[in-house]
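Colleague: One structure coming up, written as C-alpha cells, with questions to follow.
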Amino acid sequence: MSDRLVTLNEADVLRELEVIAPQVRDGFARAGGPSVSVLAALHAEAARVAAETRKSRCFAVFRRVAAAAVFAVLLTGLFQTYLRHQPRSHSAHEQAVTLLRIGSAFEDESGAICLSDTSELAQLLLTMQGLDDDSYFSSPEEMEFLWL
Amino acid sequence: MRFLAMKPVHSDEQASDAELLFAYSKGDVRSMDCLVGRYRQALFSWFLGMTGSRADAEDLFQDLWVRVIRNADRFKDVSFRAWMWQIARNLLIDFRRKKKPDISLDAIETEDDHPLLDQLVSTERGPAENLEQVDLARRAMRAVGQLPEVQREIFLMRVQGDLSFNEIAETLKIPLNTALGRMHDATTKLRVLLAKEMRR
Chain U
-16 MSDRLVTLNE
-6 ADVLRELEVI
4 APQVRDGFAR
14 AGGPSVSVLA
24 ALHAEAARVA
34 AETRKSRCFA
44 VFRRVAAAAV
54 FAVLLTGLFQ
64 TYLRHQPRSH
74 SAHEQAVTLL
84 RIGSAFEDES
94 GAICLSDTSE
104 LAQLLLTMQG
114 LDDDSYFSSP
124 EEMEFLWL
Chain H
7 MRFLAMKPVH
17 SDEQASDAEL
27 LFAYSKGDVR
37 SMDCLVGRYR
47 QALFSWFLGM
57 TGSRADAEDL
67 FQDLWVRVIR
77 NADRFKDVSF
87 RAWMWQIARN
97 LLIDFRRKKK
107 PDISLDAIET
117 EDDHPLLDQL
127 VSTERGPAEN
137 LEQVDLARRA
147 MRAVGQLPEV
157 QREIFLMRVQ
167 GDLSFNEIAE
177 TLKIPLNTAL
187 GRMHDATTKL
197 RVLLAKEMRR
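Just so you know, the sequences run in chain order U and H. The opening residue of the first sequence carries number -16 in the working numbering; numbering runs sequentially from there. The opening residue of the second sequence carries number 7 in the working numbering; numbering runs sequentially from there.
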C-alpha cells in the first residue's frame, strides 16, 4: 500500500505534519505520563540491579585474586617437585672431595679398597715426581735451574 | 571500544544517552532516573497511542525500562534511541500476540466513554483551563486512534518520539521512502479525520 514508486520529499512531509502535530502532542500531554508508582518501581529496580552488579563485580575481583593465589601455590609446588626429581648437581667442593677420595684409595693385601690419609697421598705424589716434602726440590740440578 | 574512553558521569541533563547508560552500568542509579525521565513522555505516549489503554501502556512502559535496566551493561556501540525503540516495538508485537486487537484507539470512534479520553478530562485541573483546547486535544487523539496501525505507529514515533525518518525506517526495518509514504498517508488521513471530528 505504502510502498510507492514516487519519491517523497522529507521536508514536504514535515511541513504537512506541522499543522497537526501540535494538537496531537497537546492531546497526549494532557493524557499525562506514567504513574508515580511505575516510576518508583523502576527506580527501585534500577537500584536493585545496580547493587547486584556492584556485588557481583566485587565478588569477581575476589575470585580473581583467589584464583591467582591458588595458581601461584600450585606453580610453586610443581617447581619444588621438579627440583626434587632433578639429579643432584655437585658443588666444586664436593667434586674435589670425591676426586681426593678416589686418589687416596688403595687395595690392601686382601684386595679390599681402603682409603688412605690424604697427607700420605700427597707425599706419594711428590715422591713420584722426584720432589721432596721438606726441601721441596730433591735434585740439585733442578735447584740450580731455579737459582739461575 | 567507545565505552572504554567514557568517564562515569552524574545524572546530567547534558550527558548523552550512552554516557548515562554507561554511568548506570558503573552503579550510578541517578543516571537511569535521568534516562527514564528523558524518554518518559515520548515512550508512554507511544504505548498509549498504540494500545489505547493506560494500564497496558504503563505495563509496557515498565517492561521496556526493566529490560533496559537489566541489559544496560550489554548495550553495545549502537544508537541508544534506536535500541530502545526496537525493544519498545518488540514488546508491542508480543503484547499484540497475547492480547486481542480490539483494545486499540480505533475503538474510540464508537465509544465516547473510553477510559483514555476520560483521562484527558480528568487530568484537567482549575477553572481557568481552556475547555476548547481540551476538546481539540480530545478530537486530535480520537482522530489518531482511527489511523491504521502501520500509519499510527510511524506518526507517533515522529510526533511523540521525535525520531527522524531514517531512525523510523531503521527501527521498523523498512525503506526510508516507505516510511515517508506512510507518514504522508497518515497526515492526509488525519487531516480528513480531524475535519470530520470538528464537524461533530
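A virtual CB, placed ideally from N, CA and C, is assigned to each residue, including glycine. As the structure is a computational prediction, the values presented were derived from the model and not from experiment.
Rounded C-beta distance between glutamine 166/H and serine 51/H? I'm assuming under 8 angstroms.
Modeller: As a first step, residue 166/H must be located in the second sequence, where it is residue number 160. As a first step, residue 51/H must be located in the second sequence, where it is residue number 45. Indeed they touch by this definition, with Cβ atoms about 4 angstroms apart.
Colleague: Round the Cβ separation of leucine 169/H and tryptophan 91/H to the nearest angstrom and send it over; I've been treating them as touching at under 8 angstroms.
Modeller: The residue you call residue 169/H lines up with position 163 of the second sequence. The residue you call residue 91/H lines up with position 85 of the second sequence. Their Cβ separation, rounded to whole angstroms, is 7 angstroms, which keeps leucine 169/H and tryptophan 91/H in contact under 8 angstroms.
Colleague: Are the stretch 54 to 62 of chain H and the stretch 23 to 30 of chain U touching by the rule of at least three beta carbon pairs closer than 8 angstroms?
Modeller: No, because fewer than three Cβ pairs between the stretch 54 to 62 of chain H and the stretch 23 to 30 of chain U fall closer than 8 angstroms, the two stretches do not touch.
Colleague: Taking tryptophan 71/H as the query, report the chain U residues whose CB atoms sit under 7 angstroms from its CB, ordered along the chain.
Modeller: As a working note, residue 71/H is residue 65 in the second sequence. The answer, in chain order, is Leu25.
Colleague: For arginine 207/H, collect the residues of the same chain with a Cβ closer than 7 angstroms to its Cβ; drop the 5 residues on either side in sequence, then sort them by chain order.
Modeller: Any property of residue 207/H remains undetermined from this structure, which presents chain H solely from 7 to 206.
Colleague: Going by DSSP, name the residue or residues bridged to leucine 196/H.
Modeller: Locating residue 196/H in the second sequence gives position 190, counting from the first residue. BP columns for leucine 196/H are empty, so no partner.
Colleague: Just the C-alpha distance for aspartate 23/H and phenylalanine 67/H, rounded to the nearest angstrom, thanks.
Modeller: Position 17 of the second sequence holds residue 23/H. Position 61 of the second sequence holds residue 67/H. Using only the alpha carbons, I get a separation of about 18 angstroms.
Colleague: Taking the alpha helix (DSSP H) that leucine 54/H belongs to, which residues open and close that run?
Modeller: Numbered from its first residue, the second sequence carries residue 54/H at position 48. Here the alpha helix (DSSP H) through leucine 54/H covers 35 to 57.
Colleague: Counting beta carbon pairs with one atom in the stretch 184 to 193 of chain H and one in the stretch 152 to 162 of chain H, are three or more of them shorter than 8 angstroms?
Modeller: Counting Cβ pairs under 8 angstroms, three or more are found: they touch.
Colleague: Using CA coordinates, which residue listed in Gly55/H, Lys32/H, Arg36/H, Ala29/H is at the minimum distance from glycine 211/U?
Modeller: It is not possible to answer for residue 211/U, since the shown part of chain U is limited to -16 through 131.
Colleague: Would leucine 142/H and isoleucine 3/U be called neighbours here (beta carbons separated by less than 7 angstroms)?
Modeller: What you label residue 142/H is simply residue 136 of the second sequence in a count that begins at 1. What you label residue 3/U is simply residue 20 of the first sequence in a count that begins at 1. Not in contact: leucine 142/H and isoleucine 3/U (Cβ atoms no closer than 7 angstroms).
Colleague: Pick helix, strand or coil for leucine 58/U, following the three-state DSSP scheme.
Modeller: Counted from its first residue, the first sequence places residue 58/U at position 75. Looking at leucine 58/U - three-state DSSP - the assignment turns out to be helix.
Colleague: Quick check: is the beta carbon of phenylalanine 42/U nearer than 7 angstroms to any beta carbon in chain H?
Modeller: If you number the first sequence from 1, residue 42/U lands on position 59. Chain H contact via Cβ: absent.
Colleague: Label arginine 31/U either buried or exposed according to how many other C-beta atoms from any shown protein chain fall within 10 Å of its C-beta, with 16 as the threshold for buried.
Modeller: For this step, residue 31/U is matched to residue 48 along the first sequence. Burial call: exposed.
Colleague: Assign leucine 114/U to one of three DSSP states: helix, strand, or coil.
Modeller: Residue 114/U sits at position 131 when you count from the first residue of the first sequence. In the structure shown, leucine 114/U sits in a strand (DSSP, three-state: E or B).
Colleague: Can you say whether tyrosine 65/U is buried or exposed, counting buried as having 16 or more other CB atoms within 10 angstroms of its CB?
Modeller: By 1-based counting over the first sequence, the position of residue 65/U is 82. Exposed, by the Cβ-count rule.
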